[in-house]
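Residue numbers (this note's numbering), protein chains in the order written: chain C, 1 to 317; chain B, 1001 to 1317; chain Y, 2001 to 2317; chain F, 3001 to 3317.
Every residue, glycine too, gets a C-beta built ideally from N, C-alpha and C.
To keep things clear, I will list the structure first and then write my remarks on it.
There are 4 protein chains.
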Amino acid sequence: MVSLATLSGPLSLSERSFLKRSLVLKIGFIGLGRMGQAMASRLLAADQKLFVFNRTSSKLASLLVGGATACASPSDVARQTDVIITMLADDSALQEVTSGDGGIIGSMPNGGIHIAMGTHDVSVIKRLTAVHEAAGQTLIAAPVLGRPDAVTTGRLGIIAGGDAKSVARCLPIFEALGRRVFQAGPDPSAASAMKLANNFLLASAIESIGEAFALVEKSGVDVQVFHDLVTDGLFASPAYNTYAKIIANKAWDEVGFTVSLALKDINLALAAGGAIGVPLPSANVCRDRLLGASAHGEGELDWAVMARDQARASGLI
Amino acid sequence: MVSLATLSGPLSLSERSFLKRSLVLKIGFIGLGRMGQAMASRLLAADQKLFVFNRTSSKLASLLVGGATACASPSDVARQTDVIITMLADDSALQEVTSGDGGIIGSMPNGGIHIAMGTHDVSVIKRLTAVHEAAGQTLIAAPVLGRPDAVTTGRLGIIAGGDAKSVARCLPIFEALGRRVFQAGPDPSAASAMKLANNFLLASAIESIGEAFALVEKSGVDVQVFHDLVTDGLFASPAYNTYAKIIANKAWDEVGFTVSLALKDINLALAAGGAIGVPLPSANVCRDRLLGASAHGEGELDWAVMARDQARASGLI
Amino acid sequence: MVSLATLSGPLSLSERSFLKRSLVLKIGFIGLGRMGQAMASRLLAADQKLFVFNRTSSKLASLLVGGATACASPSDVARQTDVIITMLADDSALQEVTSGDGGIIGSMPNGGIHIAMGTHDVSVIKRLTAVHEAAGQTLIAAPVLGRPDAVTTGRLGIIAGGDAKSVARCLPIFEALGRRVFQAGPDPSAASAMKLANNFLLASAIESIGEAFALVEKSGVDVQVFHDLVTDGLFASPAYNTYAKIIANKAWDEVGFTVSLALKDINLALAAGGAIGVPLPSANVCRDRLLGASAHGEGELDWAVMARDQARASGLI
Amino acid sequence: MVSLATLSGPLSLSERSFLKRSLVLKIGFIGLGRMGQAMASRLLAADQKLFVFNRTSSKLASLLVGGATACASPSDVARQTDVIITMLADDSALQEVTSGDGGIIGSMPNGGIHIAMGTHDVSVIKRLTAVHEAAGQTLIAAPVLGRPDAVTTGRLGIIAGGDAKSVARCLPIFEALGRRVFQAGPDPSAASAMKLANNFLLASAIESIGEAFALVEKSGVDVQVFHDLVTDGLFASPAYNTYAKIIANKAWDEVGFTVSLALKDINLALAAGGAIGVPLPSANVCRDRLLGASAHGEGELDWAVMARDQARASGLI
């Protein structure tokens, strides 16, 4: 783990000045959904000049006001920048933007860097790593830990994988964007694996909390008492506190992260294990639970509804 | 959850005095292994007079010095006390002490209370609840959260299940012993279920950490980096910090809790679910992992060695 | 496998005569439910003189007419016989009959043989093996494959485990009772393990058929077509033909073997694996399915209703 | 299920004559690996004129001798035929041949039929169904049950899914190729699901046999005895007889179907369930076992080596 000055909270004047000096890179940003917008805004706040593209151009408005330059296509971004950040929702969008018609790969300069910050399939990252390398370019996978509000408050975690020199060159960007960088090593796909492992850990925590609640609830225990126990000591952490509360209150219609998106991630984790011969039995359990929820029309509820599928299997509802 | 004065750290003079006034009960204590000794010592420190019995009488030495009265048998304890605490390692010991030859049930007074503080099978607790009730006595199940050092430092958690009036009567004892009481409701076996659910949650956390480490390690990530990620934010808690460290360092020969004991507990959790129709798929995964470790001669290592069994299944070792 | 003359169909005159000469043993029979009655009747038909005991004596009527001698207690049986067959529904009955008050162990002669033909826990068989050995007696575990009609038609399979000489001595009995003896070796509990492995295989076949039906049914396939495929070639066997038909027709209210009994057996299989460090992940899946059925009030339906629990998890019902 | 004259064994003269009259279709055949060659040979033996293409043209030699016409590309096949059979090893080959550069879709006539007889992903079949429909053509999915020797001896099973009229039109082809047609209904992807369900059933049977063998072997039973039991009655079928024998003899180096190919199929089955909300817990168990084998360098052994991975998890090897 690289020792970095922690950049919590809004950027101070001296931080901005430091970043401005250290960042000699022209940065492209493609994929400006909620997360991408928060990240791009933070870079603008660090006085970076950004070249932005989004399929739906209306999402660019506030960034343009903030000083970003709109581009007509991914390849248009590529022609004007040294480093391109992509923050895309899925693998097919990443593949299209990278090597589809009008993709960045044909227009990026020799030595250019593509930082893929979405959560992607390890095999897709492997393939695009090879594609960029063949074009004399470098892919860094740098998926993030945290939601838009973590970006705003400077608490974002970043997992960076790829060629060491290129990652070092991008560190000022990562420092501007977040709080801490976890170095996954020279293989970009290892960063994907690490991000997927993190998401799997959370899925598994939710699943086991759901199972435990079913056991005690059917045993006659007041679920609030069990909530108090789970959040009291051994497990007290943002993950357990958040999900024990949602589960105790059956509050899955306040959606933070949907079953459908969680299914996508757990499938990616299983595929990552499958590609290298790592069975993940707990991930199987989570996947079956998410599928069960989905089969009962709960695909757009918060994934804590996994606990409801467990309750259903237990004859509680 | 009952709002209790928190009794952290050594007992103050005023606390001792409060307890002395409130405790009009004569307390028996059977089962004085490491945990039982720590608990009995704490009660003696609260100026309670204890009547103690242990199968291996040598373990009583320091308690007798501290003022406890030695008894010749469980029934001898029963004849002299209003409340008997048992802290026994397994179900057969509990059944023997309760209703075996020379067990307490024949000598306890009408209205007497037996507080079973070990971790026991829900069906055994159900059976002994009925046996005591038939004899005009009351069983409270009050398994604990924490190890001997948690007793010493006043951080013990207690899960109390049983007749509300009897539990209320015993609250001063629980307050002397620990930090917080979780009320499981009127059925003693519900307290067992809750304790087993807690232990299962921990097993499942360890299992998922082990799976995640196998995935990232085989992907080429430095395990210390993944350790840093797991303990950094979302999961930062005693459970995850402790076990991510042991697993990253492969330090399972420093034994806190063995595979064999963990197997016993996970089997009890599965039996608890089995008795009331609650499938626990994550507990199955944990059990298989513990069995795998056991099958490879690792039964007396720390249960974090579950991660080693996962690594083995992944062809990493 | 011992090569035995196959004794299919009713016993011929020459078979009876052979058996009469070879059987110098006086046989006790304890446990005369439907299965026990069929077996005892077959022994009587082979001109054996039986000494019988059942807790509910009304079940003895037809056997007494057939020439059996009624006994007042298990120990009464033991006093008059060389070999005692028990065919008991569960482990506690077996333990009671063997070593409880008035159990056989105190009255069996030195060198006496107890053939336990029920389906029992391996640890119980291990314990009773030691108990008999300490008393100078021998336990043979000889669980059976088949239902009462298999006894009547001479198609019963027998799995025999125990001291080789004692098993050899009992072969005429096994030949009278069934079609084929599978030799599990010198450890009686191995015969239990083998019987439990057989029942687990069947459970797992049903589970996988249920999963496959859910997949194709939700894909829009007519279940009768899939029934035809399953019973057509690769899997065509009594097990698959029977259960594919029940599942295709959702005919689980015609009960051959209940969910509750199946749960008992799958728990015994898991316990057998647990005792020797053999994880059985498919057995876990079966257990969870049976628990799910049980949790939905289907405990007394045929265990093919596992397929219904799968359908429920799949949102099909 | 359609009632068909069973065409076992080599075709008789009258059968050839019947087929010749009924088949007014000009047939293309793309994908002539071992299975494809056997199928194409059988069609030639039924006096059909075939237009064939294979990426590796050397595989065409014997078919050309038999009267087939070689084509230069898939589109070249498409231009000369009414019906095209593809028998391709994987989804990417199917997609390339169908809608890649020089694919059949641009050259097939309006009303043309593409019969995809390989084992394919349901989502790929869904996509290609739409692609063909948009081009005024029809896709039938007709995966097969059996290996090349089943083709030669006329024992092939065929699962046909797609537009009823088009399937009816192709029945003479199916009758020439095999023994029995299972009608999956109007959605071609349902035929894929049915084929994947069949392969999953076999995987699950092997897995459970492997688990059962581990249980009895570690219990001290001679594996040959357990082999005899498994193949004796309840389960006696080609599937159980074949795999119990391989497992008892540890004969996984005689490869019928590799772990790697089995992994592909089980992943397709899980994906099929995932797409429609059907959790398949037994398939998860099989996948983990296959991954374990793969992780231990056994990817190119016969998939019965799943039993070896179970033995490894049980500490038997």
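- If the five residues before and after Arg-34 of chain C are omitted, its C-beta is found closer than 7 Å to the C-beta atoms of Pro-148, all from its own chain and listed in chain order.
- Among the residues of the region 302-314 of chain C, those with a Cβ less than 9 Å away from any Cβ of chain Y are Asp-309, Arg-312, Ala-313, Ser-314, in the order of the chain.
- Positions of the alpha helix (DSSP H) runs, each at least 4 residues long and wholly inside the region 3213-3287 of chain F, are given as 3223-3230, 3238-3248, 3259-3276 in order along the chain.
- DSSP places Gln-2183 of chain Y inside the beta strand (DSSP E), whose first and last residues are 2180-2185.
- Between Ser-1282 of chain B and Glu-217 of chain C, the C-beta spacing is not below 7 Å.
- Unbroken beta strand (DSSP E) runs of no fewer than 3 residues, entirely contained in the region 3151-3211 of chain F, are found at 3157-3161, 3180-3185, following chain order.
- Using a CB distance cut-off of 7 Å, Asp-1288 of chain B counts as an interface residue toward chain Y.
- For Leu-3139 of chain F, DSSP records a beta bridge to F:His-3114.
- With 16 or more neighbouring CB atoms inside 10 Å of its own CB, Ser-3294 of chain F falls in the buried class.
- For Val-83 of chain C, the enclosing beta strand (DSSP E) stretches over residues 83-86.
- Listed along chain F are Pro-3279, each with a C-beta nearer than 7 Å to that of Gly-292 of chain C.
- A contact is defined here as three or more CB-CB pairs under 8 Å, and the region 2173-2190 of chain Y fails this definition with respect to the region 3177-3191 of chain F.
- Distance from the CA of Leu-301 of chain C to the CA of Met-39 of chain C, rounded to the nearest whole angstrom, comes to 26 Å.
- Judged by beta-carbon spacing, Ala-304 of chain C lies within the 7 Å limit of Tyr-243 of chain C, meaning their Cβ atoms are closer than that value.
- When the Cα atoms are used, Lys-1049 of chain B and Ile-159 of chain C turn out to be separated by approximately 58 Å.
- Excluding sequence positions up to five before and after Asp-1163 of chain B, its CB lies within less than 8 Å of the CB of Thr-1138, Ile-1140, Pro-1186, all in the same chain and listed in chain order.
- Beta-bridge pairing by DSSP links Thr-1069 of chain B to B:Phe-1051.
- Taking a Cβ-Cβ threshold of 7 Å, the residues of chain C close to Tyr-1240 of chain B are Ser-237, in chain order.
- For Leu-145 of chain C, the pairing in a beta bridge is given by DSSP as C:Gly-157.
- Close partners of Ala-2295 of chain Y in chain C (Cβ separation under 9 Å): Lys-218, Ala-313, Ser-314, Gly-315, Leu-316.
- Residue contact with chain C for Asn-3110 of chain F: absent (no Cβ-Cβ distance below 7 Å to any residue of chain C).
- Burial is judged here by how many other beta carbons sit within 10 angstroms of a residue's own beta carbon; Pro-2238 of chain Y has fewer than 16 and is exposed.
- Against chain Y, the beta carbon of Gly-1274 of chain B has neighbours under 8 Å at Leu-2263, Asn-2267, Arg-2287, Leu-2291, listed in chain order.
- Cβ contact annotation for Gly-118 of chain C (same chain, cutoff 6 Å, sequence separation greater than five): Met-87, Leu-88, in chain order.
- Within the region 171-182 of chain C, contact with chain B at the beta-carbon level (separation under 8 Å) is assigned to Arg-180, Phe-182.
- Rounded to the nearest whole angstrom, the C-alpha separation of His-2132 of chain Y and Arg-2079 of chain Y is 15 Å.
- At a cut-off of 7 Å between beta-carbon atoms, Val-2259 of chain Y makes no contact with chain F.
- Its Cα nearest to that of Ile-209 of chain C, the residue C:Phe-226 stands out among C:Asn-199, C:Thr-69, C:Phe-226.
- Burial of Lys-2195 of chain Y is indicated by the presence of at least 16 other C-beta atoms within 10 angstroms of its C-beta.
- Beta-bridge partners assigned by DSSP to Asp-302 of chain C: C:Thr-258.
- The beta carbons of Leu-3201 of chain F and Phe-2235 of chain Y sit about 7 Å from each other, so the pair counts as a contact at 8 Å.
- DSSP places Ile-2027 of chain Y in the uninterrupted beta strand (DSSP E) bounded by 2027-2030.
- Residues of chain F whose Cβ lies closer than 9 Å to the Cβ of Val-2225 of chain Y are, in chain order, Met-3001, Ile-3159, Phe-3182, Gln-3183, Ala-3184, Gly-3185, Met-3194.
- Taking 7 Å as the cut-off, the Cβ atoms of Leu-2064 of chain Y and Ala-2072 of chain Y do not count as close.
- Per DSSP, reduced to three states, the secondary structure at Ala-1307 of chain B is helical.
- Ala-3134 of chain F and Ala-203 of chain C have their alpha carbons spaced roughly 40 Å apart.
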